[in-house]
Amino acid sequence: MKKLTIEDTIKKTGIMVIDGAMSTALERLGCDLNDPLWTAIVLAERPELVRRVHLDYLKAGADSGITSSYQATISGLRARGYSLREAEKLIAMSVRLFLEAREEWMEGSKDPGRATPLCLGSVGPYGAYLADGSEYRGNYGISRKALKDFHQRRAEILWEEGSDLLLFETQPSLEEAAAGAEIAEEMGADYWISFTFKDETHIAEGETLENCAKELTRDRYPHLHMIGANCTAPELVEPIIESLKGSTELPIAVYPNSGEKYDPRLKKWNGMPGSVPFGEYALRYMKAGAKAVGGCCTTDTPHIREVAEARDRFLK
Numbered sequence: 001m002k003k004l005t006i007e008d009t010i011k012k013t014g015i016m017v018i019d020g021a022m023s024t025a026l027e028r029l030g031c032d033l034n035d036p037l038w039t040a041i042v043l044a045e046r047p048e049l050v051r052r053v054h055l056d057y058l059k060a061g062a063d064s065g066i067t068s069s070y071q072a073t074i075s076g077l078r079a080r081g082y083s084l085r086e087a088e089k090l091i092a093m094s095v096r097l098f099l100e101a102r103e104e105w106m107e108g109s110k111d112p113g114r115a116t117p118l119c120l121g122s123v124g125p126y127g128a129y130l131a132d133g134s135e136y137r138g139n140y141g142i143s144r145k146a147l148k149d150f151h152q153r154r155a156e157i158l159w160e161e162g163s164d165l166l167l168f169e170t171q172p173s174l175e176e177a178a179a180g181a182e183i184a185e186e187m188g189a190d191y192w193i194s195f196t197f198k199d200e201t202h203i204a205e206g207e208t209l210e211n212c213a214k215e216l217t218r219d220r221y222p223h224l225h226m227i228g229a230n231c232t233a234p235e236l237v238e239p240i241i242e243s244l245k246g247s248t249e250l251p252i253a254v255y256p257n258s259g260e261k262y263d264p265r266l267k268k269w270n271g272m273p274g275s276v277p278f279g280e281y282a283l284r285y286m287k288a289g290a291k292a293v294g295g296c297c298t299t300d301t302p303h304i305r306e307v308a309e310a311r312d313r314f315l316k
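Taking the working numbering, the leading residue of the sequence shown gets 1, the next gets one more, and so forth.
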């Protein structure tokens, strides 16, 4: 099947709705994710639940789905006892599960106006493999070459198996984002990059958003199709969009968490969601200029339904 594009999807939808958290949805289904592999343990042991989550998000209004490969790394799976062949098969399966859910949804969809959902191959950060919360800090202390070696094979599998784009997400540093960009460019694969933030103008490791946007341009990286923020406090996202608009010509994608704070020691999200309804935040992001909006950790199908409804209001 010919790969789909962000540009065609946005043209058809006006605003692309991204899906929500795989982790939160799996926990809702009774899964215990207190494991170094996090959601990848469910991918390995109960893949039918991953497929169900994808299908639920499509029914809720998502125009794209992120594969369950965020923490499915070759190194992480090997450390857990899987062979190299088994690890590669699990990463490939993360794509197939979404494609199967997409096919089922399309066969049963009663809305011919909906776009064919994009398959976004998730390339989570090195910090996810460390499982210590360092995707929210960066400063790994390893070289760009080491980062490329770590991410390379997973990216290749996700692309070859049928992802429409690679999604280098939850990136805390410009160095890691650039490593991912180099991998994708060498492969000729379309991709987008999404950062985590410490405040409105700095990504998690401390680099300014302006410098990141100046580095990651289409002139330098022609296969880069989108840039943005994810797993970031929802109240930070609107000013991040405003800042990005002044620094890049790329379309902007945002999918924050719902307001809780992550405790890397307990591997749990604590606190309460923000006082502003998620759909209201989504509407603000669209008005600010975001071309794709969804949810990350602690969001679930109701949040994505709110985003789809906000899109309908925005486009009226």
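Don't be surprised by glycine CBs; every beta carbon is placed ideally from N, CA and C.
Between the Cα of residue i and those of the options, spot the shortest distance and give me the residue it belongs to.
i	options	result
Ile157	Arg220, Leu216, Arg85 and Asp32	Arg85
His225	Val276, Met106 and Ile252	Ile252
Leu130	Arg80, Met22, Ile304 and Ala101	Arg80
Thr319	Ser275, Ile193 and Ala178	Residue 319 cannot be examined here, being either before or after the span of the chain that is shown, 1 to 316.
Ser64	Glu135, Thr208, Ile241 and Gly20	Gly20
Glu7	Thr116, Gly61 and Ser75	Thr116
Pro222	Gly246, Val276 and Ala189	Ala189
Lys291	Glu185, Gly259, Leu250 and Asn257	Leu250
Val123	Gly108, Thr298, Leu165 and Ala101	Leu165
Leu120	Pro112, Gln71, Ile240 and Tyr191	Tyr191
Arg102	Asn230, Arg218 and Ala60	Ala60
Leu167	Tyr70, Leu97, Asp132 and Met93	Tyr70
Asp300	Ala25, Val276, Cys231 and Gly162	Ala25
Glu182	Thr208, Lys198, Ala155 and Ser163	Ala155
Val95	Lys110, Ser68 and Glu104	Ser68
Phe284	Cys297, Thr298 and Glu309	The sequence shown places Arg at residue 284, not Phe. Out of Cys297, Thr298 and Glu309, Glu309 has the C-alpha closest to the C-alpha of Arg284.
Gly162	Gly289, Ile66, Arg313 and Ile15	Ile66
Glu45	Asp32, Val276 and Val293	Asp32
Tyr82	Met106, Leu37, Arg220 and Glu104	Leu37
Arg52	Glu88, Met22 and Arg78	Met22
Asp111	Ala87, Leu77, Gly76 and Ala62	Ala62
Arg313	Leu97, Ile15 and Ile10	Ile15
Ile331	Ile240, Gly289, Asn230 and Ile241	Here the chain covers residues 1 to 316 and nothing more, so residue 331 does not appear.
Asp219	Val293, Lys12 and Glu185	Glu185
Residue i to residue j, Cα distance in whole Å?
i	j	result
Gly141	Glu280	39 Å
Gly206	Thr196	10 Å
Tyr57	Ile304	7 Å
Pro338	Val42	The first residue shown for the chain is 1 and the last is 316, placing residue 338 beyond what the model contains.
Glu215	Leu174	9 Å
Lys2	Phe150	28 Å
Glu48	Leu147	31 Å
Val307	Asp35	30 Å
Ala128	Leu236	22 Å
His202	Asn139	14 Å
Cys212	Leu4	26 Å
Ile74	Leu315	42 Å
Trp159	Gln152	11 Å
Gly295	Met187	28 Å
Leu99	Thr248	32 Å
Glu200	Gly246	13 Å
Thr217	Gly30	42 Å
Ser258	Ser109	28 Å
Ala177	Lys287	27 Å
Cys297	Pro256	8 Å
Val243	Ala179	Looking at the sequence itself, residue 243 is Ser, so the reference to Val does not match. If you take the alpha carbons of Ser243 and Ala179, they lie about 23 Å apart.
Ser379	Ala72	What is shown of the chain runs 1 to 316, which leaves residue 379 out entirely.
Lys145	Pro234	33 Å
Tyr136	Leu55	29 Å
Ala276	Gly228	At residue 276 the sequence reads Val, which differs from the Ala that was named. Approximately 21 Å between the Cα atoms of the pair.
Glu238	Thr208	16 Å
Phe278	Gly113	25 Å
Ala40	Leu118	21 Å
How far does the beta strand (DSSP E) with residue i in it extend, from its first residue to its last?
i	result
Ile252	Ile252 to Tyr255
Provide the residue span of the alpha helix (DSSP H) that contains residue i, from first to last.
i	result
Pro302	Thr301 to Leu315
Gly279	Phe278 to Ala288
Ser23	Met22 to Arg28
Ile6	Ile6 to Thr13
Is the beta carbon of residue i within less than 6 Å of some heavy atom of the ligand ZN?
i	result
Asp56	The ligand ZN is not among the ligands present in this structure, which contains no ligands whatsoever.
* To do: Report the residue ranges of all alpha helix (DSSP H) runs contained in full by the stretch 30-95; include only those spanning at least 4 residues, in chain order.
  => 39-45, 47-60 and 74-79
* To do: Just list the alpha helix (DSSP H) runs in the stretch 160-247, keeping only unbroken ones of 4 residues or longer that don't cross its boundaries, in chain order.
  => 174-187, 209-215 and 234-245
* Along the chain, which unbroken stretches of the alpha helix (DSSP H) at least 4 residues long are found entirely within the stretch 100-148? -> 126-130
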